[in-house]
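> To convert, note that position 90 of the sequence shown is 104 in the working numbering; the numbers rise steadily by one, no gaps.
Glycine residues also receive a C-beta, built at the ideal position from the N, C-alpha and C atoms.
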Amino acid sequence: MSTLALELFSEVRPRLFGIAYRMLGSAVDAEDLLQEVWLRWQNYDHAEVKNPAAFLATVTTRLAINAGQTARARHETYVGPWLPEPVDTSSDPQLGAERDAALEIAVLVLLEKLTPTERAAYVLREAFDYPYPQIAEIIQVSEASARQLVSRARKHLAAERRTPVTPEEQRRLLTAFIAAAKNGDMAELEKLLAADVVSYADSNGAVRMASKVPLFGLPVVAKVIVAYAHSFWEGVDVTFTEVNGLPAAVLRKDGQPYGVVSISTSENGIDQVLWLMNPEKLAQFR
Numbered sequence: 015m016s017t018l019a020l021e022l023f024s025e026v027r028p029r030l031f032g033i034a035y036r037m038l039g040s041a042v043d044a045e046d047l048l049q050e051v052w053l054r055w056q057n058y059d060h061a062e063v064k065n066p067a068a069f070l071a072t073v074t075t076r077l078a079i080n081a082g083q084t085a086r087a088r089h090e091t092y093v094g095p096w097l098p099e100p101v102d103t104s105s106d107p108q109l110g111a112e113r114d115a116a117l118e119i120a121v122l123v124l125l126e127k128l129t130p131t132e133r134a135a136y137v138l139r140e141a142f143d144y145p146y147p148q149i150a151e152i153i154q155v156s157e158a159s160a161r162q163l164v165s166r167a168r169k170h171l172a173a174e175r176r177t178p179v180t181p182e183e184q185r186r187l188l189t190a191f192i193a194a195a196k197n198g199d200m201a202e203l204e205k206l207l208a209a210d211v212v213s214y215a216d217s218n219g220a221v222r223m224a225s226k227v228p229l230f231g232l233p234v235v236a237k238v239i240v241a242y243a244h245s246f247w248e249g250v251d252v253t254f255t256e257v258n259g260l261p262a263a264v265l266r267k268d269g270q271p272y273g274v275v276s277i278s279t280s281e282n283g284i285d286q287v288l289w290l291m292n293p294e295k296l297a298q299f300r
């Protein structure tokens with residue numbers, strides 16, 4: 015392995031991780047996938063590669079498409095709702111440095127409903143602005159098909175997602191929500207939550223208080239939050255940071271990460287509350 019080959023890989027690695035993470039919704043799986051890309055790069059005849067960055071992006075995307083199919087099968091045996099592994103973008107700004115598209119947790123949840131190939135086309139176009147001919151080459155379809163895949167993905171996301179508020183308003187709503195949840199303030203929660211709010215708690219069965227089913231509607235979500243206000247928040251310290259490009263609350267007990275809370279918002283208020291509580295997904299926050 016030449017020093018030049020190592021330098022080339024290191025230079026494009028942030029982008030490769032960005033592709034893999036957006037494709038898989040897991041930083042751990044993305045890192046594992048990049049290990050495989052690195053091994054293939056080591057064993058390849060570099061003299062045959064005219065454009066290393068394009069070659070490595072192609073290998074990463076194709077491996078991620080295959081890995082995405084396997085991940086879907088794993089999610090079917092998951093205990094309760096599955097949510098993407100949160101990434102602390104305040105300490106890893108490169109993940110959203112090029113374009114922050116397809117990075118929010120709520121968007122990654124929607125991307126789970128696409129086929130791996132649709133997801134790849136959308137990620138390459140929206141997050142990294144790849145031209146359609148290159149997308150077609152990477153995912154091995156015609157250019158017309160690549161355009162159709164991206165268009166279909168955009169329509170799906172547009173149909174399921176409301177227009178988000180500004181980051182400043184998002185931060186205000188999150189801060190107010192955490193305070194209301196800790197205090198068990200029903201009146202304040204009713205002001206903050208949209209009528210059709212949905213609450214998802216991801217713990218894979220590891221946290222007893224985490225609901226194993228999504229909670230739908232303001233009355234149900236607010237009632238459950240108020241009911242658990244004392245027991246859930248006892249001994250919990252809250253810090254605010256940037257997770258997946260948006261404000262989020264990191265919860266800790268005895269100095270150890272207990273959960274990450276993020277929200278999806280629109281002019282209607284808080285549309286989704288996302289509770290990341292699976293200990294395996296919180297390693298980055300230790």
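Out of Ile-119, Arg-185 and Val-155, which has the shortest C-alpha to C-alpha gap to Trp-289?
Ile-119
> Note the first and the last residue of the continuous alpha helix (DSSP H) segment covering Thr-91.
Segment: none, Thr-91 is in no alpha helix (DSSP H) and carries neither H nor E.
> Tell me the rounded alpha-carbon separation between Leu-265 and Ile-284.
19 Å
> Can you find the residues in the same chain that come closer than 6 Å, C-beta to C-beta, to Val-179, ignoring five residues on each side of it along the sequence?
Thr-279
> If you run the structure through DSSP and keep just helix, strand and coil, what is Val-252?
strand
> With a CB to CB cut of under 7 Å and the five nearest residues on each side skipped, what residues in its chain are close to Phe-230?
Around Phe-230: Val-212.
> Quick check: what's the CA-CA separation for Ile-128 versus Ala-160?
Checking the displayed sequence, the identity of residue 128 turns out to be Leu instead of Ile. In a straight line, the C-alpha of Leu-128 is about 14 Å away from that of Ala-160.
> Measure the beta-carbon distance from Ala-262 to Pro-95 and round it to whole angstroms, keeping in mind my assumption that it falls under 8 Å.
Contact flag wrong, Cβ pair sits at about 17 Å.
> Under a Cβ-count criterion, where at least 16 other Cβ atoms within 10 Å of its own Cβ denotes burial, should Ser-245 be classed as buried or exposed?
exposed
> Hey, how far is the Cα of Pro-98 from the Cα of Ser-225?
17 Å
> Mapping DSSP to helix, strand and coil, what is Gln-162?
helix
> Counting C-beta neighbours from all protein chains within 10 Å, is the total for Val-227 16 or more, i.e. buried, or is it exposed?
Counting Cβ neighbours within 10 Å, Val-227 comes out exposed, since fewer than 16 surround it.
> Put Tyr-146 into one of helix, strand or coil per three-state DSSP.
helix
> Would you mind listing the alpha helix (DSSP H) stretches within the stretch 190-262 that are 4+ residues and don't spill past its ends, in chain order?
200-206, 232-241 and 243-247
> Quick one: measure Cβ to Cβ for Val-234 and Val-257, integer angstroms, because I've assumed they're closer than 8 Å.
Going by Cβ atoms, the distance from Val-234 to Val-257 rounds to 25 Å, so no, they are not a contact pair.
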